[in-house]
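In what follows, a structure is listed as structure tokens, so that the remarks can point back to it.
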Amino acid sequence: MAPVRVNFAAALYDRFVPLATGEARTPGIDLNFIEVQHPRDVFDRMIANQEFDASELSSSEYITRYVAGDRRLIAIPVFPSRVFRHSFIVVNKDRIKKPSDLNGKRIGVQLYTMTAAVWIRGLLQHEYGVDLSTIEWVEGKMEGPGSHGKPSSLPPLKPVKITTNTTNKSLSQLLEDGDIDATLGADVPECLGKAPHIARLFPDFKEVEKAYFKKTGIFPIMHLVAVRRDFYEQNKFIASALFNMMNDSKNMAKARMYSTGALRYMLPWLASDLDDITEVFGGDSWPYGVEENRKTLEALVQFLEEQSMIEKKVPIEELFAPVRETNFKIGDKDVRRSLHIDDADADPEVQKSAEHIDLKLDDRGLPLVPQPSDHKDDPLNWSLWYKYYVLFVICLLGFLVQFGAGFVPAAFGPISKELKVTRQQASYLTTSYTLLGGVTPLLITPFANIYGRRPVYIIFTTIAMAANIGSGYAKSYATEIVSRVFVGVGASAALAISGATICDMFFQGERGKFMGFYALAITNGPHFGPIAGGFVALNIGWRWIFFINAIMLGSVTLLLIFTFPETLFSRDDYSNLEKRSYWSKIMFHGKVLNRPIRLADFGNNFKMMKYWAVIIPCVYYATANTYGSIIFVLTASSITDKLYHFDTAQNGLLLGIPLTLGCLIGESCTGWISDMLVNRYAARHDGYRKPEVRLHLAFLALFLPVGLIIHGVCVQNGTPWIGLAVGMVVTSLGLQAGTTLTYAYCTDCYKPQAAEISTLINLARQMFAFTIGFYALPFGESAGFGVAWGVLAAIQFVTWLPLLILVWKGEEIRERQGEPNLHKDL
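With this note's numbering applied, the sequence shown corresponds to residues 15 to 840, in that order.
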């Protein structure tokens, strides 16, 4: 995609020099900097004729026109000019001794509506009690006769005593001759310093201005940057792109200003000024952005309303196009994505890391997120076929541990007979597995985040394999339960850290598709299990259900040992890593991240629960998985035995085929489409992939409660088995969509914490599913399945509704809650 040409007009301030020279640049933007000597010329040309794509503009003129309904321009929160204005109040000191003496006087002003005059009048009114209504304002040029430019500013909404200077004198001459009592505005008169009776109202203005800022937090903004709205609507990303570009330019200028070995500016006491900036402003006296300048902007809007220049106050956010700062990391430094470091004054650590911060882009020309390192062993840099292979192993493992869970229910009948327990008690073999599969990852995740994913997969898959063998040889119900508990412990790794493993390898813009593959595997495992379990139990005995599962997990364990690489990768210490051979990669090397495991690490999972973008999807998914899959796995055998007298194999087919078909349909319209949506959004928003865009597909999840109701009504009315099958297809379609969106959205929001998020998702799924075996059948049999399943569908719908909050306000909520202070090195 060719860069967008932007014609930008402004005065050449120091903070715009890197912009004008091309040092500050950004992908997708071809900036043509048009230098204009006098800002007034820029304002008049932009407002009257919109001669530029973007320009510097008077803050007051922009706001007055915006509130009046003129929306031809849209501002971005970049402020080229800001000035304390106490020093610009010049008076005839024979008449004016203090601010209150200005009441009832004639005061010269270049333009009544100019931003500088608005600020001065506001501070005189609010800080010193000056009654502005008693003053006569004389408009004209400060030096020379005539008017100040060719303004097209709107007049005040209420009568104000404004007269035009029609004499052949300048405002400076009028003040010197005594025809006016003071001047204020964007310039000081020439007579200051020449005529002995002319002086500043505040001779110690610097101290007064510092005290004003410390008291109010206001550093007056004079000018902002405005973009033609038609140009912005065609290129929405332009607002963030220009914002970042101009912020970079300002930061470059700031870095040069702080280099005082050889003064770049003709300011002999620059070092003293810099000390004042640090003392008063904390180091950055010129911040861009709405929040950083809220007090100042709100004060300006208030002054405009009080001075009858706008009819009413407007929310500050309404005045500006939304922008986003986009930063990437080099080492432990956050560096804005458009910044190129080729200046001797740049941070030496960052300078050492990269002579140029050149973004790595995807095939759409958008920045890759996260940015991969230059190390060949970085999983983000692996070849696509290698990533696909690792993904295949992850999906296979996730499928098998879930397949093992679904394998067993098809044989509840023969198991209950041989172990002399009820069918309900036999179902606890699944619920015990489910419980431990949910709890164990709380202990696993800290190790996986330091020692790596690979050893955790190997150790716990081996446990699951051995426990399945134990289940196959169990002679009593108690032994069987204990064995199933250890199967749940072993299976937990595949369910807890696989989402994090996918995030280790794939970029944000493609994650939806690959999370979808994984979700398809773990969702369909329980669906295929009954198909196979029914035939195995019927033909070679129920114990072979466990032996076959052990054989399959053993085979995957061998793949993990001999072919599976470590995907955990430190983004801080990679420069110290040696390039490894294939065999070296699959050996155990101890810690991957050079930090100890602390007791507090075991609480990190729970720390993530405070984030709405995590807990809302987790609660939703807990009900979705249980009422969209597990409920059928645990109840199908009893229901179909009574209604249709199906044998074990037929039960498995009726359960497995519809659920699998529904998941395939659901995934076909979720994962890859959500990727497409976030990438399209990024193309219009400066490469920013907003996670909430994925949730625009959340409506697909509503198929789940609809399908559950269909299934319940069909069971209650004893319809042919095809009715139950249709209900399950519809239900699993919604389940698959919800599963993919849950994993992709949460990990998009907090990628470094993907292991904790996957653990919480798994915990919510397993703990809620653990309870279903105790109430689903009794509820359905007592209340009727139509009623019971309808109640459960309503519960599921209620947990879906908060997803709409995330669609609407998710980004705002995330920004308010901030980023988790965990795993910044991942």
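All C-beta atoms in this analysis are idealised placements derived from N, C-alpha and C, irrespective of residue type, glycine included.
What residue does the alpha helix (DSSP H) around residue i start on, and which one ends it?
i: Val422; result: Unbroken run through Val422: none, as it is neither H nor E.
i: Ile77; result: Ser73 to Val81
i: Glu770; result: Ala768 to Ala797
i: Trp558; result: Arg557 to Thr577
i: Val105; result: No alpha helix (DSSP H) holds Val105; the beta strand (DSSP E) holding it covers Val104 to Asn106.
i: Lys228; result: Phe219 to Thr230
i: Tyr897; result: Not covered by the structure: residue 897. The range shown for the chain is 15 to 840.
i: Lys621; result: Asn618 to Lys621
i: Ile630; result: Trp626 to Asn639
According to DSSP, simplified to helix, strand and coil, what is residue i?
i: Ile88; result: strand
i: Asp44; result: strand
i: Arg19; result: strand
i: Lys366; result: The predicted position of Lys366 is uncertain, since its pLDDT is 38 and thus under 50; a value taken from the coordinates is nonetheless stated next. Three-state result, Lys366: helix.
i: Trp822; result: helix
i: Thr684; result: coil
i: Thr181; result: coil
i: Gly345; result: With a pLDDT of 36 at Gly345, under the threshold of 50, the modelled position of that residue is not reliable, and no figure is offered here.
i: Ile212; result: strand
i: Asp356; result: Confidence is the limiting factor: at Asp356 the pLDDT is only 34, short of 50, which leaves the residue's position unreliable, though a coordinate-based value still follows. Coil, per DSSP.
i: Phe295; result: helix
i: Pro329; result: coil
i: Gly412; result: helix
i: Arg135; result: helix
i: Leu691; result: helix
i: Leu4; result: Outside the modelled stretch of the chain, which goes from 15 to 840, sits residue 4, for which no answer is possible.
i: Phe120; result: Rather than Phe, the amino acid found at residue 120 in this sequence is Arg. Looking at Arg120 - three-state DSSP - the assignment turns out to be strand.
i: Ala697; result: helix
i: Glu70; result: strand
i: Pro94; result: strand
i: Ala130; result: helix
i: Phe334; result: strand
i: Glu49; result: strand
i: Leu375; result: strand
Since residue i and residue j are thought to touch, with beta carbons under 8 Å apart, how far apart are those beta carbons, to the nearest angstrom?
i: Gly418; j: Ala505; result: 7 Å
i: Met260; j: Arg39; result: So it is not a contact: roughly 11 Å between Cβ atoms.
i: Pro469; j: Asp615; result: Not confirmed; about 16 Å, so no contact.
i: Leu820; j: Leu709; result: 6 Å
i: Leu198; j: Glu153; result: So it is not a contact: roughly 12 Å between Cβ atoms.
i: Ile88; j: Ala240; result: 7 Å
i: Cys763; j: Arg828; result: 6 Å
i: Leu567; j: Ala478; result: 5 Å
i: Ala551; j: Ile562; result: Ala551 to Ile562, Cβ: 11 Å. No contact.
i: Leu668; j: Thr654; result: 6 Å
Just the C-alpha distance for residue i and residue j, rounded to the nearest angstrom, thanks.
i: Leu189; j: Thr180; result: 15 Å
i: Asp108; j: Pro159; result: 25 Å
i: Ala360; j: Ala269; result: Bear in mind that the predicted position of Ala360 carries a pLDDT of just 39, short of 50, making it unreliable; the figure below should be weighed with that in mind. Using only the alpha carbons, I get a separation of about 7 Å.
i: Ala535; j: Val415; result: 10 Å
i: Ala739; j: Asn482; result: 31 Å
i: Arg830; j: Trp803; result: 38 Å
i: Lys264; j: Ala24; result: 14 Å
i: Tyr400; j: Ile545; result: 32 Å
i: Gly427; j: Arg437; result: 6 Å
i: Ala638; j: Ala533; result: 13 Å
Between which two residues does the beta strand (DSSP E) harbouring residue i extend?
i: Met236; result: Ile235 to Arg242
i: Asn842; result: No answer is possible for residue 842: it lies beyond the span of the chain, which begins at 15 and ends at 840.
i: Thr197; result: Ala196 to Leu198
i: Glu312; result: That residue, Glu312, is in no beta strand (DSSP E); its alpha helix (DSSP H) goes Arg308 to Glu320.
i: Glu150; result: Glu150 to Glu153
Distance cutoff 8 Å, beta carbons only. Does residue i sit that close to anything in chain D?
i: Phe583; result: Going by chain labels, chain D is absent from the structure shown, which holds only one protein chain.
message: I'd like to know if the stretch 506–521 and the stretch 463–482 are in contact, where contact means that at least 3 CB-CB pairs between them fall below 8 Å.
response: yes
Touch test, the stretch 450–459 against the stretch 764–777, Cβ-Cβ under 8 Å, three pairs minimum: yes
task: Inspect the CB distances between the stretch 22–29 and the stretch 85–97 and report whether three or more fall short of 8 Å.
output: yes
- prompt: Does the stretch 746–756 come within contact of the stretch 603–613, defined as at least 3 CB pairs closer than 8 Å?
  reply: no
- prompt: Using 8 Å as the threshold, is the stretch 42–60 in touch with the stretch 132–150, meaning 3 or more CB pairs across them?
  reply: no
- prompt: Would the stretch 54–65 and the stretch 287–299 be scored as touching if the rule is three or more Cβ pairs under 8 Å?
  reply: no
message: Quick test of the definition: if touching needs 3 or more C-beta pairs under 8 Å, does the stretch 483–491 touch the stretch 569–585?
response: no
- request: Would you check if there are 3 or more beta carbon pairs closer than 8 Å linking the stretch 633–643 to the stretch 381–394?
  value: no
- request: Determine contact between the stretch 69–81 and the stretch 314–333, defined as no fewer than three beta-carbon pairs at a distance below 8 Å.
  value: yes
message: Contact between the stretch 783–790 and the stretch 686–704 is defined here as three or more beta-carbon pairs at a separation below 8 Å; is this criterion met?
response: no
message: Any contact between the stretch 111–118 and the stretch 268–285? By contact I mean 3 or more CB pairs, one from each, below 8 Å.
response: no
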